[in-house]
Amino acid sequence: MSRALVVGNWKMNLDHVEAVHLTQQLGVILASRPAPHVDVVVAPPFVDLRSVGSVLEADRSAIELAAQHANPLPSGAHTGEVSVPMLARLRVRWVIVGHSERRALYAMSDDVVAATARAVVAGGLRAIVCVGEDEAVREAGRHREHVRAQVLAALEGLSAPEGDVVVAYEPVWAIGTGRSAGVEEVREMAHVIAEALATTRVTGARVLYGGSVNADNAADLLGGGVDGFLVGGASLRAESFGAIVSAGESCYAGGR
Ligand code: 13P
Numbered sequence: 006m007s008r009a010l011v012v013g014n015w016k017m018n019l020d021h022v023e024a025v026h027l028t029q030q031l032g033v034i035l036a037s038r039p040a041p042h043v044d045v046v047v048a049p050p051f052v053d054l055r056s057v058g059s060v061l062e063a064d065r066s067a068i069e070l071a072a073q074h075a076n077p078l079p080s081g082a083h084t085g086e087v088s089v090p091m092l093a094r095l096r097v098r099w100v101i102v103g104h105s106e107r108r109a110l111y112a113m114s115d116d117v118v119a120a121t122a123r124a125v126v127a128g129g130l131r132a133i134v135c136v137g138e139d140e141a142v143r144e145a146g147r148h149r150e151h152v153r154a155q156v157l158a159a160l161e162g163l164s165a166p167e168g169d170v171v172v173a174y175e176p177v178w179a180i181g182t183g184r185s186a187g188v189e190e191v192r193e194m195a196h197v198i199a200e201a202l203a204t205t206r207v208t209g210a211r212v213l214y215g216g217s218v219n220a221d222n223a224a225d226l227l228g229g230g231v232d233g234f235l236v237g238g239a240s241l242r243a244e245s246f247g248a249i250v251s252a253g254e255s256c257y258a259g260g261r
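In this note's numbering, the protein residues as written are 6 to 261.
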């Protein structure tokens, strides 16, 4: 049976003390509102991973740990970077690959996105590959071909165990703007991504939506046929993130 996936991307927010606090609050909320049909993942900043991991382990929590980025190389002279084996040693299970902020602000090319996805999978971790068009591309009506090309470039040459790759559709114009994509837009792009995936060797990939997801729109957006969410701002508060997880549970509990 399929399961929802809800990932909280904390971006560059919360020091390790604040991160521990939020993790504990999240534990309390998920204990009071269990979501057995949802895989819940949090992606704290690198410096928080060990502390958050310790809390999750002590609580025997089902919440899994993601990193927000990784370097595709295993080690070497790359000041400021972190490798997949280092993350695996911290019991990190997932890595966000090619977030639009990394692509736009840190010049992460399609080639580096693909190399990173391969390194993540080769290292036994799961890749959450981000794709999505910016406003200019959408206005030009090129969003379908743009996202299709991003998916194919990112997954070039990749074969992965069933379910170890997830594709997150995050239109840049919807990120952090309070203006989420509409259900029909999500449905159309989920379809474009599914068609692109069918031409790759990646199987069982879940498709997520990200971009101004909150407690109020999550249930509707699941109607767009995605398997869950990559949540930014609303993942920084336990109550709103818990409500988004609950929306996933309501949708999947009956067997989607
Ligand atoms: P917001 O939910 O803050 O729009 O961020 C989305 C995002 O970029 C998650 O990776």
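Glycine included, C-beta positions come from ideal geometry on N, C-alpha and C.
| message | Contact between the region 246–253 and the region 111–129 is defined here as three or more beta-carbon pairs at a separation below 8 Å; is this criterion met? | response | no
| task | Flag residue 187 as yes when its Cβ comes closer than 7 Å to any non-hydrogen atom of the ligand 13P, and as no otherwise. | result | As a position in the sequence shown, residue 187 is number 182, starting the count at 1. No.
| field | residue 217 Cβ short of 7 Å to the ligand 13P heavy atom set | value | Counted from its first residue, the sequence shown places residue 217 at position 212. Relative to the ligand 13P, the beta carbon of residue 217 is positioned inside 7 Å of a heavy atom.
| message | Whether or not the region 233–243 and the region 7–20 are in contact is what I'm after, with contact meaning three or more pairs of Cβ atoms, one per stretch, closer than 8 Å; do they touch? | response | yes
| query | So residue 252 and residue 224 are in contact, right, with Cβ under 8 Å, and what is the actual spacing, rounded? | reply | As a working mapping, residue 252 is identified with position 247 in the sequence shown. As a working mapping, residue 224 is identified with position 219 in the sequence shown. In this structure, residue 252 and residue 224 form a Cβ contact; the two beta carbons are roughly 4 Å apart against a cut-off of 8 Å.
| task | In the DSSP assignment, find the unbroken alpha helix (DSSP H) run with residue 187 in it and report its ends. | result | Numbered from 1 along the sequence shown, position 182 holds the residue referred to as residue 187. Run containing residue 187: none; DSSP gives neither H nor E here.
| request: Taking 8 Å as the cut-off, decide whether the C-beta atoms of residue 170 and residue 231 are in contact. | output: The sequence position of residue 170 within the sequence shown is 165, counting from 1. The sequence position of residue 231 within the sequence shown is 226, counting from 1. Their beta carbons are not under 8 Å apart, which means residue 170 does not touch residue 231 by this criterion.
| said: I'd like the span of the beta strand (DSSP E) that includes residue 44, first residue to last. | reply: As a working mapping, residue 44 is identified with position 39 in the sequence shown. First-last of the beta strand (DSSP E) with residue 44: 43–48.
| said: Whole angstroms are fine: how far does the CA of residue 47 sit from the CA of residue 149? | reply: If you number the sequence shown from 1, residue 149 lands on position 144. If you number the sequence shown from 1, residue 47 lands on position 42. Straight-line Cα distance between these residues: approximately 29 Å.
| query | Cα separation between residue 228 and residue 202? | reply | The count along the sequence shown starts at 1 and reaches residue 228 at position 223. The count along the sequence shown starts at 1 and reaches residue 202 at position 197. So the alpha carbons of these two residues sit roughly 20 Å apart.
| Residue burial classification, residue 83 (beta-carbon count within 10 angstroms, cutoff 16) | The residue labelled residue 83 in the question sits at position 78 within the sequence shown. With fewer than 16 other Cβ atoms within 10 Å, it is exposed.
| query | CA-CA distance, residue 68 and residue 88? | reply | Looking up residue 68 in the sequence shown gives position 63. Looking up residue 88 in the sequence shown gives position 83. Cα-Cα distance, rounded: 22 Å.
| request: Take residue 51 as the anchor and find which of 250, 218, 93, 178 has the nearest alpha-carbon. | output: For the purposes of this step, residue 51 is taken as the residue at position 46 of the sequence shown. Of the candidates 250, 218, 93, 178, the one whose C-alpha sits nearest the C-alpha of residue 51 is 93.
| message | Please classify residue 263 as buried or exposed, where buried requires at least 16 other C-beta atoms within 10 Å of its C-beta. | response | This structure leaves residue 263 out entirely; the chain is present only between 6 and 261.
| message | By DSSP's criteria, residue 235 is part of a beta bridge. Which residues make up the other side? | response | To locate residue 235, count along the sequence shown from 1; it is residue 230. Beta-bridge partners of residue 235 (DSSP): 12.
| task | Report, in whole angstroms, the separation of the C-beta atoms of residue 151 and residue 107, which I expect to be a contact under 8 Å. | result | Reading the sequence shown from its first residue, position 146 is the one you call residue 151. Reading the sequence shown from its first residue, position 102 is the one you call residue 107. At roughly 17 Å, the Cβ-Cβ gap does not stay under 8 Å, so residue 151 and residue 107 are not in contact.
| Hey, residue 123 and residue 99: beta-carbon distance below 8 Å or not? | Here residue 123 corresponds to residue number 118 of the sequence shown, with the count starting at 1. Here residue 99 corresponds to residue number 94 of the sequence shown, with the count starting at 1. Their beta carbons are not under 8 Å apart, which means residue 123 does not touch residue 99 by this criterion.
| request: With a floor of 4 residues, list each alpha helix (DSSP H) that falls wholly inside the region 20–94, ordered by position along the chain. | output: 21–37, 54–63, 89–94
| task | Tell whether a beta-carbon distance below 8 Å holds between residue 186 and residue 179. | result | Position 181 of the sequence shown, counted from the start, is the residue given in the question as residue 186. Position 174 of the sequence shown, counted from the start, is the residue given in the question as residue 179. In this structure, residue 186 places its C-beta atom within 8 Å of the C-beta atom of residue 179.
| field | Pairwise C-alpha distance: residue 147 and residue 76 | value | As a working note, residue 76 is residue 71 in the sequence shown. As a working note, residue 147 is residue 142 in the sequence shown. Cα to Cα, the separation comes out at about 30 Å.
| field | residue 234 beta carbon less than 8 Å from that of residue 215 | value | Position 210 of the sequence shown, counted from the start, is the residue given in the question as residue 215. Position 229 of the sequence shown, counted from the start, is the residue given in the question as residue 234. In contact: residue 215 and residue 234 (Cβ atoms closer than 8 Å).
| field | Simplified DSSP state of residue 206, which is helix, strand or coil | value | Locating residue 206 in the sequence shown gives position 201, where the first residue counts as 1. Residue 206: coil per DSSP, three-state reduction.
| message | Could you give the first and the last residue of the continuous alpha helix (DSSP H) run that contains residue 111? | response | Stepping through the sequence shown from its first residue, residue 111 is reached at position 106. Segment: none, residue 111 is in no alpha helix (DSSP H) and carries neither H nor E.
| query | Which partner residues of residue 172 appear in the DSSP bridge assignment? | reply | By 1-based counting over the sequence shown, the position of residue 172 is 167. DSSP lists 134, 212 as partners of residue 172.
| query | the ligand 13P heavy atoms versus the CB of residue 239: any closer than 7 Å? | reply | Start at 1 with the first residue of the sequence shown, and residue 239 comes out as number 234. Yes, the ligand 13P has a heavy atom inside 7 Å of this Cβ.
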